[in-house]
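The structure appears right after this line, and notes come after that.
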Ligand code: NAD
Ligand code: UD1
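In this note's numbering, the protein residues as written are 1 to 343.
Printed below as a string of structure tokens:
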């Protein structure tokens, strides 16, 4: 049985689809801080499979002990966390408590129940601003520019220290680049609360008329068209990466190899803001009004992955291209709208 923390969230829900389709037994802990319980039914509808959901907090050790007592947990995929970069500067203590302290509780309970396999959701944000692109896993890490980024860095360090102290753990840190897109069914996807901070939800909301125009932050970056370049990855490809990470841990366990591994999960391609907007308009045949405004503080010119290590060691390969990402994001947005926001 695999325990998925934050399993009803954006990346967690797509990963559950991958795991259930691959025949894994799973259970979930989610406090619904950034999702709704109906996501469970959507996942059941897509996969035709059922699974147990514990509505609760990873800070609640009593509940976590109960989960480990009621289920034989072989490994944990740990998504649960707060992730809004701007908000993390406003309420940093909540971010440190939820993300860092929450992870400490989870690790304590895992250790107590002798479950020592974990896949952790880290982020390309730990690289900070780097001259050399694409980014490799061994690039020296720069200071994060916000509390959210620092929670990822701290948790990476905690997991590294844990492994140093007891190398019978199997730990995989996955550094995600920019996940976008949604499941092709249009049933699950990303539903940000309030005004979106991230590019793709802002584009889809502008296309559907909920926002007047997209603000393109900056046109004087050192990139091919002056707008910021990122490595956008389809959330289903990203989700599949978790299945591969789990299989790697299973293989290592069979061979009695304990390990801590770090992998970038990105496509290796950098696309600019205008590349995304133009592709979105073309493949969906819809207009996205936009205007160029000042740079957003803290943004960097360019960030994309060297995903060779994940390819060589996990067999990771992205199947979806930018057109798929734009089509699936739009399909999900239209479905939410058609469903009066209930979908
Ligand atoms: P999300 O907010 O959609 O999912 C997180 C889930 O965790 C939500 O369902 C939320 O209700 C739950 N949760 C939060 N705090 C919890 C707690 N204390 N106890 C139990 N459940 C809790 O976010 P996501 O985009 O799916 O991201 C998943 C993970 O990946 C996060 O750790 C995030 O920081 C990391 N990540 C995301 C991105 C991205 O762009 N989406 C990029 C890099 C890393
Ligand atoms: C941000 C976070 C990162 C987090 C990631 C996914 C920062 C500095 N980094 O990355 O930690 O892991 O989100 O949640 O916040 N853009 C516009 N107009 C918009 C929105 C974005 O032009 O309305 C541009 C940005 O300037 C950037 C690109 O689009 O060049 C991508 O932005 P975004 O989707 O917010 O992701 P990141 O900034 O890469």
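Backbone N, C-alpha and C fix where the C-beta goes; we use that ideal spot for every residue, glycine too.
The segment 203–212 and the segment 223–242 do not touch, with fewer than 3 CB-CB distances between them shorter than 8 Å. The criterion of a C-beta distance shorter than 7 Å is satisfied by residue 171 and residue 260. Contact check for residue 88 and residue 179: beta-carbon distance about 18 Å, past the 8 Å limit, so the pair fails to qualify. Boundaries of the alpha helix (DSSP H) harbouring residue 206: 199–207, taken from the DSSP string.
Rounded to the nearest angstrom, the Cβ distance from residue 175 to residue 124 is 5 Å, consistent with a contact under 8 Å. In the DSSP assignment, residue 229 forms a beta bridge with 272 and 302. DSSP places residue 166 in the coil class of the three-state scheme, outside both helix and strand. The continuous beta strand (DSSP E) containing residue 292 extends over residues 290–293. For residue 149, the number of other beta carbons within 10 angstroms of its own is at least 16, and it is reported as buried. Nearest to residue 64 by C-alpha distance, out of 115, 133 and 128, is 115. Around the CB of residue 168, fewer than 16 other CB atoms lie within 10 Å, so the residue is classed as exposed. Distance from the CA of residue 138 to the CA of residue 264, rounded to the nearest whole angstrom, comes to 10 Å. Rounded to the nearest angstrom, the gap between the Cα atoms of residue 214 and residue 195 is 12 Å.
If you draw a straight line from the Cα of residue 182 to the Cα of residue 275, it is about 19 Å long. Under the DSSP assignment, residue 178 falls outside any alpha helix (DSSP H), being part of the beta strand (DSSP E) whose first and last residues are 178–180. The DSSP-derived three-state label of residue 24 is coil. For the pair residue 9 and residue 35, the CB atoms are nearer than the 7 Å cut-off. Fully enclosed beta strand (DSSP E) runs of no fewer than 3 residues occupy 117–123 of the segment 106–156, in order along the chain.
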